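Going left to right, the sequence shown walks through residues -19 to 190 as our numbering numbers them.
Even glycine gets a Cβ: it sits at the ideal position worked out from N, Cα and C.
The model shown is predicted, which means the values in this text are computed figures rather than measured ones.
Structure first, commentary second.
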Amino acid sequence: MTRIIIADDHAIVRQGLRRIVEDDSEITVAGEAATAREVLSLLAEQTCDVLVLDINLPDNNGLDLLQTIRKERPQLPVLVLSVFPEDQYALRALRMGAAGYINKTTAPEELLTAIRKVCHSGKYISQSLAEKLAFELDPRTQRLLHESLSDREFQVLRLLAAGRSVSEIAAELSLSVTTISTYRARILEKMGFRNNAELTRYALEHRLIE
């Protein structure tokens, strides 16, 4: 029996995922979490074979949580399930150690297939993502502006685009205001933007924020 933990801040999504899983006699839900703190608590208390992780959690960025889990539980497969399109987050999540990435619009059968595959030490990527990975290997491929950012810069970009001030971001990430200001300046320089308004417009156009 494959035991999974579902981490998503929306109760209705967790309920839907549970119903999908309950239709499979070989997969069971060992626990549910709505926050990053609950995820880490469950992992300390429960035995599970796969973590199905939403990228947006209210108390922590899903990618940051992914890094923490990879350090503390390196053998645990993490299947990232997100509303964001694959071309925006999948490659970054996979590089950070996710065992797979699947969009919430995916058919239930594909979700079950992904859970089974990552549980058996495999990697799960869709056909469309496989094609993008192939393009990534081609040096002639023109990358999107945000793909040049580091993981921390990408996180700060999303927070700035969501309307957070430098001081708010500093408090949330437990960093100094000076450090966040440096990240902001670096992001603007790398992406060729002049201000936060242009960052926000770009983030909305490329669905980096909801």
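Nonlocal neighbours in the same chain, by C-beta distance under 8 Å from residue i, ignoring five residues either side
| i | result |
| --- | --- |
| Ile95 | Thr(-18), Ile(-16), Val1, Ile7, Val30, Val32, Leu59 |
| Glu66 | Tyr81, Asn83, Ser106, Ser108, Leu109, Lys112 |
| Leu179 | Leu137, Leu140, Ala141, Ile167, Leu168, Met171, Phe173 |
| Ser101 | Pro57 |
| Leu184 | Ala141 |
| Gln135 | Asn41, Leu43, Asp44, Leu153 |
| Arg144 | Glu152 |
| Thr93 | Tyr104 |
Residue i in three-state terms, based on DSSP
| i | result |
| --- | --- |
| Asn83 | strand |
| Asn36 | strand |
| Leu31 | strand |
| Asn175 | coil |
Strand pairing of residue i, partner residues [DSSP]
| i | result |
| --- | --- |
| Thr8 | Arg(-17) |
| Ser62 | Asn83 |
| Ala13 | Ala(-13) |
| Gln104 | Just to set this straight, residue 104 is Tyr in the shown sequence, not Gln. Answer is Gly80. |
Nearest residue (CA-CA) to residue i, options the options
| i | options | result |
| --- | --- | --- |
| Ala(-9) | Arg(-1), Arg166, Asp3, Ala14 | Ala14 |
| Leu188 | Ala24, Asn41, Ser161 | Asn41 |
| Leu23 | Arg(-1), Pro54, Lys97, Gly77 | Pro54 |
| Ile35 | Val19, Ile49, Leu61 | Leu61 |
| Lys51 | Val63, Leu20, Tyr69 | Leu20 |
| Arg72 | Asp4, Asp3, Asn175, Leu124 | Leu124 |
| Leu91 | Asp4, Arg181, Tyr182 | Asp4 |
| Leu153 | Leu74, Gly143, Arg132 | Arg132 |
| Cys28 | Arg144, Cys99, Thr85, Thr162 | Cys99 |
| Ala165 | Ala70, His186, Leu129 | Leu129 |
| Ala70 | Pro88, Tyr104, Val157 | Tyr104 |
| His126 | Arg(-1), Arg181, Lys97, Ser156 | Arg181 |
| Gly77 | Gln47, Ala10, Asn176 | Gln47 |
Same chain only: Cβ atoms within 6 Å of residue i, ignoring 5 sequence neighbours per side
| i | result |
| --- | --- |
| Leu45 | Ala16 |
| Ile160 | Val146, Ile149, Ala150 |
| Leu(-3) | Ile(-14) |
| Glu12 | Ile(-14), Arg(-6) |
| Asp(-11) | Ala14, Leu37, Pro38 |
| Val63 | Lys84 |
| Lys97 | Tyr104 |
7 Å CB neighbourhood of residue i in its chain, flanking five on each side removed
| i | result |
| --- | --- |
| Leu74 | Tyr81 |
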